[in-house]
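Chains as they are written, first to last, in our numbering: chain A, 486 to 810; chain H, 57 to 219. All C-beta atoms, glycine included, are put in the ideal place defined by N, C-alpha and C. Values in this document were obtained by computation on a predicted structure and should not be read as measured data.
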Amino acid sequence: MKRPVLLLVVCVCFSAHEGRAAGTPAGTSVVNQAQVSYTQNGVPASGVSNATTLTVAEILDVNVTLQSAQVSVIAGETRRTLLFRVTNTGNGSETMPFGIDNLIAGDDFDPLAAAPAIYFDTDGSGDLTPADVAYAAGSNDAVLAADAGVSVLLVNDIPAGVADGQLGRSRLSARAATGTGTPGTTFPGQGTGGTDALAGASGASSTAIGEYVVGDVQVAVVKSALVVDPAGGTRPVSGARIDYQVVVNVSGSGTARALDFDDAIPANTTYLPGSLRVNGASLTDAADGDGGEFQAGATPRVRVALGDLNQASGARTVAFAVTIN
Amino acid sequence: MKTMKGGWVLMAMAGFSASAVAQEKGCILLKTVAEIEQPATDERGQPTTRLVAVEKVVPGNEVIYTVSATNVCDSDADKVVIDNPIPEHMNYVAQTATGPGTEVTFSVDGGFNYGAPQALSMANPDGSRRTATAADYTHIRWVMRNPLKPGAVAFARFRAVLE
């Protein structure tokens, strides 16, 4: 070989150093060819060998990992989610069916799989949202390229009657559709591009277990009222104003989910427009983004969505005012 | 490095038509074989290993390449040098290049320069240099110390792992 040619080749080489976690892609041809130079009777000569070609077979490997911390729940709650990540750790594109199993030894209760129980975390929020697409086996199985992954949610209801501190486990499984088996099990001709496929170190399937723990939650609500009459006194006469204050406190080890404050305006009084506050901050009376609203109608009421609260959240003080008719 | 190795093979093949003529009337017949080591049992029932030809591999497989050079002429071949680019997608396994009667050197720059392992270095991102590792090697070279006699066969061997 001529050295100037080699030099050109060298120039290309340092620009393209790539790495693949899953290894050389299935279907790749790996070629080896040697060359020789020598002198015969004083005359320089050279030659090349035959080229040996190896074909890279497909390794079927999958890895499922739990992404959620232990999820605090209360008895009877519905649609609580566990977040998982499913990754194709093989070296070829693969269809990956999922499964859920809640009958796991060693826990205190079996979560009840919702219907559907498996969702793709389509919007990447980490929680179940309307944008997330339900998984239907055989119809929208994930097709993952080598190294690619997808976030998956398991959705379970919590049985009524579970006790504080009890654990319930739920398992997500994923497998290579081509086949599973002990590492090395071969599926001739079924790999990417017609190569052989064989089960990798994972056996071409993987599972991970998430955990729900029943938290003890108490919600304390204390309501007080202060009357201010037109004369500046505290007599509940017509035209007097009543300032209501409701303090909501959550205690215990768990989380009270999606707490909704809802209080009817007392009979013979009228809601004072614009008086709704939470922790001193005004909320509009309209049903809009601030979570608070006044609802007129036969039974007028004020409502405030307080969200998820736990002991660390501190007190929420809802305040509003009415006038006596 | 991958592109370079691929480029090398392409280049060798592109040059094949030109060198085929030389090979036809050349005095050294060069052959390569790819094999894999498998556990086996010897005639006394003891565990051993044997080499078997391989065509399909998976990432992590260690392949043993054997190059044989046969002098098919009736005069000595002098200054015999065998070069083997590490195949694309493969990494050389340290201290596996052997060849009786040869001196083995390596290249980290696409076969331009060759040297002993301790003499080869690579640039760090910060510009400093480090000793090259087996994975950095791009080529292996076997230089025969003595002429290859008529009818004699020289062997060169190395192991590489599929990325």
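- DSSP, read as helix, strand or coil, puts Pro95(H) in strand.
- Identification of residues in the stretch 135-150 of chain H having a C-beta nearer than 9 Å to some C-beta of chain A yields Lys135, Val136, Val137, Ile138, Asp139, Asn140, Pro141, Ile142, Pro143, Glu144, His145 and Met146, given in sequence order.
- Residues of chain H whose Cβ lies closer than 9 Å to the Cβ of Val547(A) do not exist, since the nearest Cβ in that chain is about 15 Å away.
- For Thr574(A), no chain H residue has a C-beta closer than 8 Å to its own C-beta; the minimum C-beta separation is roughly 11 Å.
- Its chain contains Asn127 and Asp132 as the residues whose beta carbon lies nearer than 8 Å to that of Lys205(H), once the 5 sequence neighbours on both sides are disregarded; these appear in chain order.
- Taking CB atoms only, Pro181(H) has no neighbour in chain A less than 7 Å away.
- Secondary structure at Asp192(H): helix, using DSSP grouped into helix, strand and coil.
- According to the DSSP assignment, Ile589(A) belongs to no beta strand (DSSP E), since it is labelled neither H nor E.
- Listed along chain A are Ala507, Gly508, Thr509, Val541, Ile544 and Asn576, each with a C-beta nearer than 8 Å to that of Pro115(H).
- Here DSSP, grouped into helix, strand and coil, assigns Pro173(H) to helix.
- Ala797(A) carries a helical assignment under DSSP once its states are collapsed to helix, strand and coil.
- In the three-state reduction of the DSSP assignment, Thr187(H) falls in the strand class.
- Cβ-Cβ distances below 7 Å link Gly718(A) to nothing in the same chain once the five nearest sequence neighbours on each side are left out.
- In this structure, the CA atom of Leu597(A) is about 6 Å from the CA atom of Ile643(A).
- Residues of the stretch 509-535 of chain A with a C-beta less than 7 Å from any C-beta of chain H: Thr509, Thr513, Val515, Val516, Asn517, Gln518, Ala519, Gln520, Val521, Ser522, Tyr523, Thr524, Gln525, Asn526, Ala530, Ser531, Gly532, Val533, Ser534 and Asn535, listed in chain order.
- When only Cα atoms are considered, Pro510(A) and Glu111(H) end up about 16 Å apart.
- Look at Lys87(H): its C-beta is under 7 Å from a C-beta on chain A.
- When DSSP states are grouped into helix, strand and coil, Thr740(A) belongs to the strand group.
- Under the 10 Å beta carbon count, Pro115(H) is surrounded by 16 or more other beta carbons and is classified as buried.
- Excluding sequence positions up to five before and after Arg197(H), its CB lies within less than 6 Å of the CB of Asp139, Thr161 and Tyr170, all in the same chain and listed in chain order.
- Looking at the backbone, the Cα of Val706(A) and that of Val732(A) are separated by about 6 Å.
- In the DSSP annotation of this structure, Ser610(A) is not part of any beta strand (DSSP E), being labelled neither H nor E.
- In the DSSP secondary-structure assignment, Pro529(A) is bridged to Thr524(A).
- The three-state reading of DSSP puts Thr538(A) in strand, counting E and B together.
- Around Ala790(A), the same chain offers Asp745 and Gly776 as residues with beta carbons nearer than 7 Å, after the five sequence neighbours per side are excluded.
- In the structure shown, Thr158(H) falls within a strand segment according to DSSP collapsed to helix, strand and coil.
- Ranked by how close their Cα comes to the Cα of Gly737(A), the residues Gln796(A), Gly584(A), Asn517(A) and Ala622(A) have Gln796(A) in first place.
- Secondary structure note for Ser691(A): its beta strand (DSSP E) is the uninterrupted segment Ser690 to Val699.
- Rounded to the nearest angstrom, the gap between the Cα atoms of Glu778(A) and Val763(A) is 12 Å.
- For the C-beta of Ala133(H), the chain A residues within less than 7 Å are, from N- to C-terminus, Tyr523 and Gln525.
- Here DSSP, grouped into helix, strand and coil, assigns Gly679(A) to helix.
- Closer than 8 Å at the C-beta level to chain A, one finds these residues of the stretch 97-110 of chain H: Val110.
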